[in-house]
Amino acid sequence: MIRRPLFRLIVIPVLAGALALSGCGTPDSSASDSAASGSGAGVQLFQRPWVSIAEDCETTIGPAGFEWVLTSPPNEHIAGEQWWTSYQPVSYELESKLGTREEFADMVQRCDAVGVKIIADAVINHMAGIDGGTGVNGTEFTHYNYPGLYTEEDFHHCGLTENNDIEDYSSKEQVQNCELVNLADLDTASPKVQETIVAYLDDLLSLGVAGFRIDAAKHMPVEDVQAIVDQLPEDTIIWNEVIRGSVSEPIKPEDYIETGQVFEFQYSRDLSPMVRAGFIMDPKLDGEERPLHVPDESALVFIDNHDTERGEQSVLNYRAGARYEIANILMLADDFGTPVVYSGYAYSNTDTGARQNANGKINPSSCAGVTGIKDSYRDGEFVCTEAWTSIAGMLEWREVVGDAKRLPGMREGKVYGFEREGKGIVAVNLGYAIETLELPTSLPNGRYCDVVSGGRDALVDGECKGLDFIVSGGVAQLEFPPNTAIAFHANSRS
Ligand code: ARE
Ligand code: CA
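To convert a position in the sequence shown, counted from 1, into our numbering, add 5.
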């Protein structure tokens, strides 16, 4: 028996009869022919300890179908309870509030064993931003002196602003040679500095990481980033952080695409406001390109990250509830870029770090039992986006649709949907009532199981764990509740 959704399905009488007779020979998700292509998606696990990531890879992230985890920085940093201590390196020892070297190595191995690669956040533009102190692994340092690594002459002292801090992002020289919020700025053109950075990255590669997020890449001349990347194995994955600034900024994300991929901040700045307002339109195109976006193959797209959830008002984050989940679903349904789902923790003060013990280590946590976004969170509670039923369902959907073309969408009021040609349909209802959309489609007739409510493997022995929908005569009959997304694919037909 097909599970009845809570509300009425539009059933076309002729088709209903035909379906009742067609017991065999119909595809179902267990007979998927799409195992060859992965989801192509990653997840950023912000401030998550290594032991927790290792376990999460085995129980949740691997089974969900993620290909990469982006971690927070693994090296020794300044002491303190704020999350951003992770971004003030004091040595390249892999000992941090997130765990030990052994725990890091174990995580890489265990994630790898379930098909999940680790991308480490590499903070290489700078060291600490304070006068001095003792790092979390006991390293004593001053602002421009880090034993065994760097001394005063390895840093820029730009002399362009009063305290050597960046003041004007329209000056390339300031942005790259002065200090980002007082962080001691490494002379990344120096061969010695490059060698020291490469040794650190090589050490991480020797433990099996697949690549790096290059933190603050904008603050290093692209030639310096390139020189460092050139000294790494060719298949090293590089994800550059170059925030797209105002038009007056001379340094553009595009400048860095030769060195690797680039986080495209414009993506969510375009999508989030539409999801918030409830009116979704197809992405704007300027020829083949999306305006203000790096090209498809260079783009890492995301709804939010640890900076934008704190600092960018226009983008959605976990506090937006269902709208945030829907934005993630639309991103995962898109044919643009490499999507990176974000998973952080709840906070009411932007500086507050994840909960740590008396020894300054972040407490281990588990995502067991989490199935979707919650209405409210306790401060410090991990959001566990990677464990949501809808996200795993959409990763399966991506595996099935592969590189099928995104067809022009259809919008009626606050309901919108589109097809990935012949492979899958996604639709959202951002209105206040159950709505109907009749979406023309090239999918074959049949009854389809929704992977947003049903998740991965939603169809078991012809029974759908989620909502189901009918395609008949080239039209998908979609009727579904408000503040909801639905999605089904060619292999979720019963
Ligand atoms: C902290 C304190 C500071 C203090 C400093 C030194 O907040 O008051 O001076 O420590 O003691 C993170 C936090 C910072 C924190 C820092 C070090 O966000 O608050 O400083 O860690 O602990 C620019 C950069 C971009 C950068 C953002 C934050 O271009 O690269 O600023 N993002 C990355 C990380 C951050 C991290 C760092 C870099 C530093 O993702 O989490 O900082 O490693 C326009 C421009 C952008 C600019 C943006 C904000 O949009 O286009 O380029 O981003 O403004 O200024
Ligand atoms: Ca710099």
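Quick reminder that beta carbons are idealized off the backbone N, C-alpha and C, glycines included.
Computed from a prediction, not measured in an experiment: that's the story for all the values here.
query                                                                                                                        : result
Given 8 Å, three or more beta-carbon pairs between the segment 265 to 285 and the segment 327 to 334                         : yes
HIS161 beta carbon near ligand 2 (any heavy atom closer than 7 Å)                                                            : yes
Own chain, CB closer than 6 Å to GLU259, minus 5 neighbours either side, in chain order                                      : VAL299
Contiguous beta strand (DSSP E) assignments of at least 3 residues, all confined to the segment 404 to 474                   : 415 to 417, 420 to 425, 429 to 434, 440 to 445, 451 to 454
Distance CB(ALA495)-CB(LEU448) smaller than 8 Å                                                                              : yes
Straight-line gap, ASP170 to SER497 (C-alpha atoms, nearest Å)                                                               : 55 Å
Below-8 Å beta-carbon distance, ASP356 vs any chain D residue                                                                : No chain D appears in this structure, which consists of one protein chain only.
Secondary structure of GLU167, DSSP reduced to three states                                                                  : coil
Euclidean distance between Cα positions of SER348 and LEU335                                                                 : 17 Å
For ASN310, three-class secondary structure by DSSP                                                                          : coil
Under the three-state DSSP convention, the category PRO32 falls into                                                         : Caution applies to PRO32, whose pLDDT of 40 falls short of 50 and renders its modelled position unreliable; the value that the coordinates give is listed next. Note: PRO32 maps to coil in three-state DSSP.
Complete beta strand (DSSP E) runs within the segment 60 to 108 (minimum length 3 residues, chain order)                     : 73 to 75
Cβ separation of ILE243 and GLY216, assumed to be a contact under 8 Å, to the nearest whole Å                                : 6 Å
Exposure label - ASP38; buried when at least 16 CB within 10 Å                                                               : No answer about ASP38 holds up, because its pLDDT of 44 lies below 50 and its placement is not dependable.
Quiz: which residues have CB nearer than 7 Å to ligand 2 non-hydrogen atoms                                                  : ASN130, HIS131, HIS161, GLN181, ASN182, ASP190, LEU191, THR193, HIS224, MET225
Beta-carbon contacts of ARG573 that lie in its chain and below 6 Å, excluding the five residues immediately before and after : No information on residue 573 is available, as it lies outside the stretch 6 to 499 that the chain covers here.
ALA392, DSSP secondary structure in three states                                                                             : helix
Closer than 7 Å: THR90 CB and nearest ligand 1 heavy atom                                                                    : yes
Segment contact flag, the segment 151 to 159 with the segment 167 to 183, C-beta cutoff 8 Å, min 3 pairs                     : no
Own chain residues within Cβ distance below 7 Å of GLN114, not counting five before or after                                 : GLY213
Any 3 or more C-beta pairs closer than 8 Å across the segment 472 to 489 and the segment 405 to 413                          : no
Start and end residues, beta strand (DSSP E) containing ASP126                                                               : 122 to 127
Rounded straight-line distance, which links the Cα of PHE387 to that of SER370                                               : 8 Å
Buried or exposed (CB count within 10 angstroms, at least 16 for buried), GLY28                                              : The predicted position of GLY28 is uncertain, since its pLDDT is 34 and thus under 50; a value taken from the coordinates is nonetheless stated next. Exposed, by the Cβ-count rule.
Backbone CA spacing between LEU321 and ILE124 [nearest angstrom]                                                             : 24 Å
Unbroken beta strand (DSSP E) run spanning ALA481, endpoints                                                                 : 480 to 485
Whole-angstrom distance between VAL252 and GLU60, CA atom to CA atom                                                         : 43 Å
Residues that PRO344 bridges to, as DSSP identifies them                                                                     : VAL306
Contacting residues, own chain, Cβ-Cβ under 6 Å from PRO78 (five flanking each side not counted)                             : SER91, ASP126, VAL128
Alpha-carbon spacing of GLY365 relative to CYS372, whole angstroms                                                           : 22 Å
Burial state of ASP473, where buried means 16 or more other Cβ atoms lie within 10 Å                                         : buried
ASN245 beta carbon near ligand 1 (any heavy atom closer than 7 Å)                                                            : no
ASN182, buried or exposed, once every other Cβ within 10 Å from all chains shown has been counted against 16                 : buried
Length of the line joining the Cα atoms of PHE146 and ASN80                                                                  : 15 Å
Member of PRO344, LYS223, TRP393, TYR437 whose CA lies at the smallest distance from the CA of VAL74                         : PRO344
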